[in-house]
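Residue numbers (our numbering), protein chains in the order written: chain H, 1 to 614; chain U, 615 to 1228; chain P, 1229 to 1574; chain X, 1575 to 1920. Each residue gets a CB set at the ideal place from its N, CA and C atoms; glycine is no exception. As structure tokens, the structure follows; a few thoughts come after it.
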Amino acid sequence: MTQVTPGFEERQSIVVRFAGDSGDGMQTVGERFTDSSVMVPNAIATFPDFPAEIRAPAGTIPGVSAFQVHFGSREILTPGDEPDALIAMNPAALKVHLDDLTQGGLLVVNTGTFTPENLKMAGYETNPLDDPDLSKRYELVPINITELTKETLKESPLKTRDRLRCKNFFALGFTYWVYGRPLEGTTKFISEKWSKKLPDVANANVQVLKAGYFFGETSEIHRNRYSVTKAAVKPGTYRKISGNEALVLGFVAAARQTTKELVYSGYPITPASSILEMVSTYKHFGIKSVQAEDEIAAIGVAVGASFAGAIGITGTSGPGMCLKSEFMGLAISTELPLVIVNVQRGGPSTGLPTKTEQSDLLQAMFGRHGESPVPIVAAMSPCDCFPVAYEALRIAVTYNTPVIVLSDLYVANGAEPWRLPDLDEFEKFPIPVPPAGEPYQPFARDPETLARALGIPGTPGFEHRLGGLEKNTKGEVCYEPANHEQMTELRAEKINRIANSYAPLIVNGDPEGDVLVLGWGGTYGAITSASKTLRAEGYKVSSCHLRHLNPLPNDLEATLRSFKDVLIPELNSGQLAMLIRSKYLIDAKSLTKMMGRPFRIADIRDAILNLIPS
Amino acid sequence: MTQVTPGFEERQSIVVRFAGDSGDGMQTVGERFTDSSVMVPNAIATFPDFPAEIRAPAGTIPGVSAFQVHFGSREILTPGDEPDALIAMNPAALKVHLDDLTQGGLLVVNTGTFTPENLKMAGYETNPLDDPDLSKRYELVPINITELTKETLKESPLKTRDRLRCKNFFALGFTYWVYGRPLEGTTKFISEKWSKKLPDVANANVQVLKAGYFFGETSEIHRNRYSVTKAAVKPGTYRKISGNEALVLGFVAAARQTTKELVYSGYPITPASSILEMVSTYKHFGIKSVQAEDEIAAIGVAVGASFAGAIGITGTSGPGMCLKSEFMGLAISTELPLVIVNVQRGGPSTGLPTKTEQSDLLQAMFGRHGESPVPIVAAMSPCDCFPVAYEALRIAVTYNTPVIVLSDLYVANGAEPWRLPDLDEFEKFPIPVPPAGEPYQPFARDPETLARALGIPGTPGFEHRLGGLEKNTKGEVCYEPANHEQMTELRAEKINRIANSYAPLIVNGDPEGDVLVLGWGGTYGAITSASKTLRAEGYKVSSCHLRHLNPLPNDLEATLRSFKDVLIPELNSGQLAMLIRSKYLIDAKSLTKMMGRPFRIADIRDAILNLIPS
Amino acid sequence: MSTTAEEPLTKKDFVTANDVRWCPGCGDYAILNSLQRTFPELGVPKENFVVVSGIGCSSRFPYYMNTYGFHTIHGRGPAVATGVKVANPDLSVWLVTGDGDGLSIGGNHLLHILRRNVNVNILLFNNRIYGLTKGQYSPTSPVGTRTKSTPMGSVDNPINPLLFALGAEATFIARTYDTNVKHMTATFKAAHAHQGVSFVEILQNCVIFNDKTWNPVYGRQTRDDQLLFLEPGQPLLFGKDKDRGVCLNGLVPETRHIGAGGTDISEVLVHDPDLPSGLYTQMLAQMTYPEYPTPVGIFRRIERPSYESEVSNQIESARDQFGSGTVESLLYTDDCWTVEEGEFDG
Amino acid sequence: MSTTAEEPLTKKDFVTANDVRWCPGCGDYAILNSLQRTFPELGVPKENFVVVSGIGCSSRFPYYMNTYGFHTIHGRGPAVATGVKVANPDLSVWLVTGDGDGLSIGGNHLLHILRRNVNVNILLFNNRIYGLTKGQYSPTSPVGTRTKSTPMGSVDNPINPLLFALGAEATFIARTYDTNVKHMTATFKAAHAHQGVSFVEILQNCVIFNDKTWNPVYGRQTRDDQLLFLEPGQPLLFGKDKDRGVCLNGLVPETRHIGAGGTDISEVLVHDPDLPSGLYTQMLAQMTYPEYPTPVGIFRRIERPSYESEVSNQIESARDQFGSGTVESLLYTDDCWTVEEGEFDG
Ligand SMILES: Cc1ncc(C[n+]2csc(CCOP(=O)(O)OP(=O)(O)O)c2C)c(N)n1
Ligand SMILES: Cc1ncc(C[n+]2csc(CCOP(=O)(O)OP(=O)(O)O)c2C)c(N)n1
Ligand code: SF4
Ligand code: SF4
Ligand SMILES: [Mg+2]
Ligand SMILES: [Mg+2]
């Protein structure tokens, strides 16, 4: 059924990686390429890979920035294991990324940057382009992009430095030619962005973009072109969205289901800062945002806002989670609604602040003193952040409890096309209210959910005092031994009962078989793709991805027991595996990776095959 | 072989509880009673039970303060389940403690305080002393201690209020008579404490103490006296010691084995404050103490001190542990020696600050972001704090790692006789030093322990930079994927190898059988007593108490597997059990209690018997 | 905050059933009494009060005020109070803190609530000791204070709470003391009247761990000589016979005898809390015994928009600009594209 | 700290092999250069320097100084520096922090290191923005600053770092700026010479997220009119022709034309950083553009014993009193009792 385009080699999916110096605009061209693929439409997944927070000197290894796009005519769940094409804008980019390029892959190199100085900075002793092996192992396309850009713009009123800045669009134009992509989306983007304020820049970029494209067409340098047909896409309205964006939209949409206002209070930290930044642009939705003095204050403001009747939300990454832990204990003890987002990054300590990891799960579970259980939900993809935010808010408000949302850098920064949801798909949720006509008892509980009902300051008759000391049903400080045990158990049982409100687990593949691959968070794509492919090859492999990490779903145990083996791939040392093993005494196997990078599909495939006796 | 004293009923052990208002001096008489029992010598264990941090109004239930002493002629491991005698100084004390008194037990009541007002404050509608049942169920001894004290002191130059303050010594004197204790130790204590500054107070207290004793001898009110013979005690020099004291001494003694100085940095918090306070009196040992502005700064100062070549120690309780977690991550990442003491109390949040609990174990394990393992050692009794402090320091310095010491309020405040150790019993430990004559590599490791060696500021040639970003062996910031995985694994493996340096596990009882009771921390006494008694009754029950909670001992698995069932009693919801289940996939059973109180021996006995099919 | 309750409120309305659990003789009782007297007179409905605190003896305060209250965690009251006020600017928020809670662990939050000018009334109970944890020195303890944690005397310079507040450019700074109910009540009312953050230091006695710490300032024997009552428009006179005054010698304040044989009264500085320049507040705040009298009253009162009102204003103007956001406008943006039914095979 | 290295040190000794990773044009380069020039001139052996920092662009500093260094965690540098100094008072400790690191998350630790007077040299790089996290406003950003996190402008009053330091009663307070290596070097030397805590604000440019933020103060066009160089003993004159001066009108500073047709020079205040009264420092620190010139140099320099020296002194006097504690004296106390072999049966 695939439509073959003449002159193109047909592929089901293709992975392209742009790599260059942080000053080279690789993120921009990556996003443009994504947009033009989305419009085809193709299924896509992306992986922006920034350098460390601080600009490294131009041309050095730490300064390399990359953006990978995976586009295809079938479902695409990961940005791809190995790029089919690498566009390397300088020696350092080549050095860092060449090893990943698939054997025989397309290798576009900007030869104009292979100066002795740049080679030295990249740690090359000789010019790798001189190595005849290179063109044997890859489809090498050396282009002096620097020179050609200068040439194209020789009439431009821009200064030389600014002219050279356009060279990323040359690379993009050439790539468009290789994959037969239209230029319109990008030219429109350029003119919207620069035409008004910097018309010369707009013109130059468009010129260079086209030059790149035409260079492909006219030069003899490269003959192979590849195409990917349109993907079958569910009808609807789409937009491209990143994980952090989807999270913010999910919160706003969910709050709209309640009568409550949102107060978001944060402190900047990579990769959570953009949540605070985006929320601050939603003021017309009545969301108040506070940039607090630190993470402790940030959660404190949120707790105060929740006490005053709003829904307090705070977001951060690992180091900030440490700082919020004492306040989480207070919110648990006072049973206030609250959402705490942790966009995970590589740890411990400052760790790898711009790399992804899933190593804060056990912290989310246990990172507070005393018996202090909290529900935890995790997002598995950028789009999934929307329903996850919604679910977190539902749990927080229905049960009056803090809820932790685990995202990660890979999910937060990744972008994908998002079919706008019909909000009616989402369950409405009622807010517990104190019974009228009775003296208010702050810790009286709904018999079913065990949730308490809030008396909101400003409301006559509900005056009461909250605090972190142990209390009884009336909210009075109470040191009685039996009361403490009972309250501790009630708080735990309330959290346990949340599992009664979950949708049933989804198993991808047969409900029983040899191996179940169990995952959570941003590993969804790799896990699902690996197990799907193996199923197609006839293996009895299914996969299941947990949205709820605490409490675990009621139907999880039966699911796990329906398989001979359970494999749990995680970007940590086996944190979910430890919970599963302890709870069900099932000998689940861990697959771990702690490289600041997502799993490749092959990593998981290999681990599954290892479990299946051949 | 027991020596029978004429006129006394002989008992193997006796439990006495003094209870009264916080203003009544119950802690003082409890400690005096303890001291006089220690001198006999008897084996003893004590349990001071304070009210909440703030003075409650006199005569109220929350204002009740109690002190329990268990003394005997055999090994005593807990303060006793049910008191054999209750001395109740006012109605509130009676109300709170009567239920615990053993059937037929001795009940001394100060009738002088049973005024209508006091009865009301205690929540009594009628005077309980009028209930004829009371003297049926207990050996009731009503004494108007208030009046008799006044009477005794009618010639004293003290003001009435000050005279009345002596009444606790009347109760003590009477109790001494009942148990045939000598008064000398106490009169000596009184004169040492008050003779110089307040001779009238000293005289009055001695007079009243004797009056209480003679009252027993001359009045007809009470006939039964009980005695406990001298205990068989290991020869040596002894002193009475509390858990927090023993901890401090352990740190000082261990530091003396190294060339390093101690810097203790803390922030006051119940029940850890006394560590800071005691350390501040040891200045002549060269220990520097800092009261920091908060717990974050406290650990920060300790980290700075460790970097500068000292051994940094910090101590706190649960809420403070939350605040220290980010800094622990830094110490883990930079691999600096550091000891963090958590004297646990009831949580979550402010919780029950003056009650005991063991609910911070999983926080100690996992309460930080990222993969950040730390060794954990726990103290099982006041005396045990000394070797535990020593062990913590050994691990910190030998492996260059932060170490968490878990104590709890029960261990910290409890006191017992301590046989002064011969320091030669303690293993010396060498400090890793960087190899001479090579360029210094901050993260080069000892091949066996995997410990790095510190270069100390002030030493020429070792200049280097530390930080929380991921680094390579040379200490340079390094974002390379493979390096991060390797460093994460090395950090974890280093901690795992600590288990190779442990002494073998001690199993109390046979090395195999029906039930192994596995415990940690302050539950030692109750667990050991319960299993010992059952063994004496012929059950195949053994017990084992973990000093090391992370990494778990290498010989633990085999030990566990030698029993049909494993029971893990904890003052939490089953935190160690969760670690054991996950690690060994053994279906260990949890016995939990979250009442702010230690286990009773009977609690554990019942749970063990439940596991043994009858 | 402007509506008045139907029946006039009285002190009794603010007394809770809870037993008050401070030590007999603690200065906190008098402060509680004063605040319970002040609240009914502010024209604020009972349910619109929120009393927030941290942890400490002083921080037990909310339990004893019969309105909404929140006993939070150590040092973090300012953050919670900010959240309450941001969420609902109509509430009258009172923050109770201690010298340890507010200036040791909570110093940063105090700094930031002050500089942000959140319209919260802050009462800092300064007993120069940690009461709740049984007597360690605090950041306001004078050098040389011997406590459980400083058996040889403390070595660090104490924080002067008012200089700290001035350093944060707080808009309302005052001091009062626990033995003068009238002065406390008047100060609390002024704090309430101020639109913006109000910082009130209350000299408070801890009878158990730091008894008589303030006696050199307000003890029966000393108070007539030591206290300098600040009254707007009045000269800075003190002493039993108001015969001593504060004058300036260059930039150094001096106390002089005024009247017969001394300095003329016209040279005495006249109190003006509304001066925008901080030099005057600095002068008052740095005056400490024994060299100087101890000023009590309102040191500084300047106007600046409050944080929460500016936050709300931005919401309003965003709405004026973009309209009240609907869920549709949230999801649908210019970048959307539509895929029609059956458009593609596959 | 008094021994001198055998061969004289030079700037090169303090340059590390690491690539410096700030954006090209960042003001941090000039500060690094100045400190690398200062260190060899202090007579301190290279191995006795310790550079401590928190997290931020500025806090990368230790990596680029070839001596002992510690890049700690966000805001907590002062605690680590205090620990280093308490453990070993002989080290020369330098703390590098930013406006976010030092005044947002780290405000409390800064407050306490200042009031304790730990002998640490603190350099606060004030670029009025969060650089490392890519451009959110900071607690020193002026009201109305539009950043990623304040798209409609910030609403909170900024902290004036020097007023904050004065509020903490810091003993040494100075300001310098990143485009004047000579002034920086002189200021760093003076900070080092001060025995006690030294607080130095450095006006620093972030070319990426807050370019030219200080141009109104030290830009090529403005600096001659705007900068007021503080020199002990010299009148507070400024302007290209030094024809403007700072005088006092009561407690309000005024700038006046001096000389022909203006005020007489004798009325101009004369700089004296050693004044113990805080009014003068308050006046200098509160002077901000555009109303006032911006003073740079040493604002205040007073003497008080340092924290770590007092800590060490107490150890000494405890030893004088009790002798150097032996392990025996630790374990054996008067309360001990002895149980003899075979004394009891059982
Ligand atoms: C995180 C944390 N650290 C320490 C404590 C223990 N603590 C409670 S109150 C307090 C200090 C109280 O002093 P202050 O604020 O002056 O109040 P006061 O009791 O004197 O009124 C401390 C250290 C705590 N509750 N939480
Ligand atoms: C606990 C924690 N919270 C947040 C961050 C993220 N963070 C790193 S630096 C920084 C602010 C930097 O600003 P500043 O101190 O002014 O330094 P600059 O980069 O401007 O030099 C923030 C918020 C962090 N690393 N740790
Ligand atoms: S300890 Fe001091 S401050 Fe606390 S209640 Fe008692 S007297 Fe008041
Ligand atoms: S972001 Fe700003 S402060 Fe940071 S290195 Fe770049 S220019 Fe300097
Ligand atoms: Mg206090
Ligand atoms: Mg900054």
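What are the start and end residues of the beta strand (DSSP E) that includes residue i?
{"i": "Ile757/U", "result": "753-757"}
{"i": "Thr928/U", "result": "925-930"}
{"i": "Leu1148/U", "result": "First-last for Leu1148/U: 1138-1150, but that is the alpha helix (DSSP H), not the beta strand (DSSP E)."}
{"i": "Gly304/H", "result": "Here Gly304/H belongs to no beta strand (DSSP E); instead the alpha helix (DSSP H) covers 295-307."}
{"i": "Glu1184/U", "result": "1177-1184"}
Have a look at residue i and residue j and give me their C-alpha separation to the nearest angstrom.
{"i": "Gly437/H", "j": "Phe307/H", "result": "22 Å"}
{"i": "Val1913/X", "j": "Glu1902/X", "result": "18 Å"}
{"i": "Pro1071/U", "j": "Val1047/U", "result": "14 Å"}
{"i": "Ala670/U", "j": "Gly677/U", "result": "5 Å"}
{"i": "Lys593/H", "j": "Thr46/H", "result": "20 Å"}
{"i": "Gly525/H", "j": "Ile76/H", "result": "8 Å"}
{"i": "Asn1784/X", "j": "Val953/U", "result": "42 Å"}
{"i": "Val652/U", "j": "Ile658/U", "result": "7 Å"}
{"i": "Glu1775/X", "j": "Ser22/H", "result": "31 Å"}
DSSP puts residue i in a beta bridge; with which residues?
{"i": "Glu1094/U", "result": "Bridge partners of Glu1094/U: none, in fact."}
{"i": "Phe71/H", "result": "Ile14/H, Ile44/H"}
{"i": "Met1293/P", "result": "Val1243/P"}
{"i": "Thr1721/X", "result": "Thr1724/X"}
Is the beta carbon of residue j closer than 8 Å to that of residue i?
{"i": "Cys1631/X", "j": "Arg853/U", "result": "no"}
{"i": "Gln626/U", "j": "Gly686/U", "result": "yes"}
{"i": "Ile495/H", "j": "Pro551/H", "result": "yes"}
{"i": "Leu609/H", "j": "Leu591/H", "result": "no"}
{"i": "Gly509/H", "j": "Ser529/H", "result": "no"}
May I ask which residues mark the beginning and end of the alpha helix (DSSP H) holding residue i?
{"i": "Thr1483/P", "result": "Unbroken run through Thr1483/P is the beta strand (DSSP E), 1480-1485; no alpha helix (DSSP H)."}
So with Cβ pairs under 8 Å, would you call residue i a contact of chain A?
{"i": "Glu1397/P", "result": "No chain A appears in the structure shown, which is made up of the protein chains H, U, P and X."}
Three CB pairs or more closer than 8 Å across the region 1686-1699 of chain X and the region 1721-1733 of chain X:
no
Say whether the region 975-991 of chain U touches the region 1172-1183 of chain U, bearing in mind that this needs 3 or more beta-carbon pairs closer than 8 Å, one atom from each stretch.
no
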